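Peer 1: The working numbering puts the first residue of the sequence shown at 648, with every later residue one more than the last. Can you keep this structure in mind? I'll have questions shortly.
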Amino acid sequence: MYVAELEFKIIADTNFAQAESAIRHYIEKLIFNGQILGREFPTAWQQDRFCSRIVIPDEHALLAKYHSKLGNTALQQLGNAGLAYPQLHVLGMDLMSPHTDPCAKAKSYILYTRFSDTCSPLRCGEHFAPTALYQLKTSEPDHEQLIRWQLQYQALDEIQMQHTRVLDKTAERSLQQLHSTLNKQGRKLAKQLELTNGIPVFYALYSGTSTNCSAEADKTCPGCGESWRLVKPMHDIFDFKCDSCRLLSNIAWDCQSSS
Ligand SMILES: [Zn+2]
Ligand SMILES: [Zn+2]
648 MYVAELEFKI IADTNFAQAE SAIRHYIEKL IFNGQILGRE FPTAWQQDRF
698 CSRIVIPDEH ALLAKYHSKL GNTALQQLGN AGLAYPQLHV LGMDLMSPHT
748 DPCAKAKSYI LYTRFSDTCS PLRCGEHFAP TALYQLKTSE PDHEQLIRWQ
798 LQYQALDEIQ MQHTRVLDKT AERSLQQLHS TLNKQGRKLA KQLELTNGIP
848 VFYALYSGTS TNCSAEADKT CPGCGESWRL VKPMHDIFDF KCDSCRLLSN
898 IAWDCQSSS
């Protein structure tokens, strides 16, 4: 990932509210297409320009050829708000986020995210490195549904990681149960990506606690009930994989630490 600045020169009469709204709209469209990562973009007003600090998955991520239709429309609307086409200044590699996957076309993908991630929720099945979403086809106008799913997933994960949880077990159940609304939504999005791109997309099912740690290593796939234990863990995280249900999971973290 790279840290960059996006500069919007003021070229015609504008006011603060109009400029702010056009910049916000444009950057949000790029976030929903996976061209900009994270959700915050601090923006400074510097006399004759506005400057936004952003994180991008690749130095070329903001090329107009990668924009969705919505992104292109938002780009044109900057002019109506008295702003020039933005100029990108790449400041350097982001030390706080992982590198984007090198594969031009991965053989499989994993839908996986955690509360602290500042990267795409889609990872290469082979390298487990994040794949920039704008590189993938979608049957929707952009990847907004997937990004919104990721935001909710991360919010619930954040809650269940805290020692003094405000939602007790509710957040963990959302992450852990195959048929929770969160996981149903995530699996549906994974399936859509698989169908549109013709590449298998696995869903990473989180496992934090278990009521029976002694049986945890032999648990069966929650989708089909078949045995799904891997001989060797995959990416040091996943102990279970079901090809037909497109599911990956781990021995519950609590059981791992007690063994
Ligand atoms: Zn890869
Ligand atoms: Zn299965």
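Every residue, glycine too, gets a C-beta built ideally from N, C-alpha and C. If you're wondering where the values come from, they're calculated on a predicted model, not measured in any experiment.
1) With a 10 Å radius around its C-beta and 16 neighbouring C-beta atoms as the bar for buried, classify His714 as buried or exposed.
2) Given a threshold of 16 other Cβ atoms within 10 Å of its Cβ, counted over all protein chains shown, does Thr828 qualify as buried or as exposed?
3) With H, G and I counted as helix, E and B as strand and the rest as coil, what does DSSP make of Trp875?
4) Under the DSSP definition of a beta bridge, which residues are partnered with Pro777?
5) May I ask you to verify whether the segment 777 to 797 touches the segment 806 to 825, counting CB pairs closer than 8 Å and requiring at least 3?
6) Could you give the residue range of the alpha helix (DSSP H) that holds Gly855?
7) Where does Gly739 land, buried or exposed, given buried means 16+ other C-beta within 10 angstroms?
8) Would you tell me roughly how many angstroms separate the C-alpha atoms of Lys831 and Gln792, rounded to the nearest one?
9) For the segment 663 to 680 against the segment 752 to 764, do three or more pairs of beta-carbon atoms, one drawn from each stretch, fall closer than 8 Å, so that the two count as touching?
10) Using 10 angstroms around the beta-carbon of Gln663, count the other beta-carbons present and answer buried if the total reaches 16, otherwise exposed.
11) Whose C-beta lies closer than 8 Å to the C-beta of Ser906 among residues of the same chain, with five residues either side of it excluded?
12) Quick check: what's the CA-CA separation for Ile846 versus Pro704?
13) At a cut-off of 7 Å, is Pro749 close to ligand 1 when judged by its beta-carbon and the heavy atoms of the ligand?
14) Quick check on Cys698: does DSSP put it in helix, strand or coil?
15) So, helix, strand or coil for Ala659, using DSSP?
16) With a threshold of 16 other CB atoms inside 10 Å of the CB of Ile683, please say whether the residue is buried or exposed.
17) Judging by CA-CA distance, which residue of Ala721, Ile701, Leu653 is the nearest neighbour of Gln693?
18) My output table needs one value for Ser906: the three-state DSSP class, helix, strand or coil.
19) Take every Cβ of the segment 840 to 856, pair it with every Cβ of the segment 892 to 906, and state whether three or more of those distances are shorter than 8 Å.
Peer 2: To lay it out plainly:
1) Here residue 714 corresponds to residue number 67 of the sequence shown, with the count starting at 1. Only buried fits His714, as 16 or more other CB atoms lie within 10 angstroms of its CB.
2) As a position in the sequence shown, residue 828 is number 181, starting the count at 1. So Thr828 counts as exposed.
3) Working through the sequence shown from its first residue, we reach residue 875 at position 228. Three-state result, Trp875: coil.
4) Indexing the sequence shown from 1 puts residue 777 at position 130. Answer is Arg770.
5) Touching, no, given that fewer than three Cβ pairs across the two stretches are closer than 8 Å.
6) Looking up residue 855 in the sequence shown gives position 208. Judged by DSSP secondary structure, Gly855 falls outside any alpha helix (DSSP H); it is assigned neither H nor E.
7) Within the sequence shown, numbered from 1, the residue matching residue 739 stands at position 92. It counts as exposed.
8) Numbered from its first residue, the sequence shown carries residue 831 at position 184. Numbered from its first residue, the sequence shown carries residue 792 at position 145. When rounded, the distance between both Cα atoms is 13 Å.
9) They do not touch, by the three-pair rule.
10) Walking along the sequence shown from the start, residue 663 turns up at place 16. Contrary to the premise, residue 663 reads as Phe rather than Gln in this sequence. Exposed.
11) Position 259 of the sequence shown, counted from the first residue, corresponds to residue 906. Below a pLDDT of 50, predicted positions are generally treated as unreliable, and Ser906, at 48, falls in that range; the measurement from the model is reported next regardless. Excluding positions up to five away in sequence, the list reads Cys860.
12) Mapped onto the sequence shown, residue 846 falls at position 199. Mapped onto the sequence shown, residue 704 falls at position 57. When rounded, the separation of the alpha-carbon atoms in Ile846 and Pro704 is 21 Å.
13) The sequence position of residue 749 within the sequence shown is 102, counting from 1. At least one heavy atom of ligand 1 is nearer than 7 Å to the Cβ of Pro749, so yes.
14) In the sequence shown, counting from the first residue as 1, residue 698 sits at position 51. In the displayed model, Cys698 falls within a strand according to three-state DSSP.
15) Residue 659 sits at position 12 when you count from the first residue of the sequence shown. Coil at Ala659, not helix or strand.
16) Indexing the sequence shown from 1 puts residue 683 at position 36. That one is buried.
17) Position 46 of the sequence shown holds residue 693. Comparing Cα-Cα distances from Gln693 to each of Ala721, Ile701, Leu653, the minimum goes to Leu653.
18) As a position in the sequence shown, residue 906 is number 259, starting the count at 1. Below a pLDDT of 50, predicted positions are generally treated as unreliable, and Ser906, at 48, falls in that range; the measurement from the model is reported next regardless. The answer is coil: DSSP assigns Ser906 none of H, G, I, E or B.
19) Verdict: yes, contact present.
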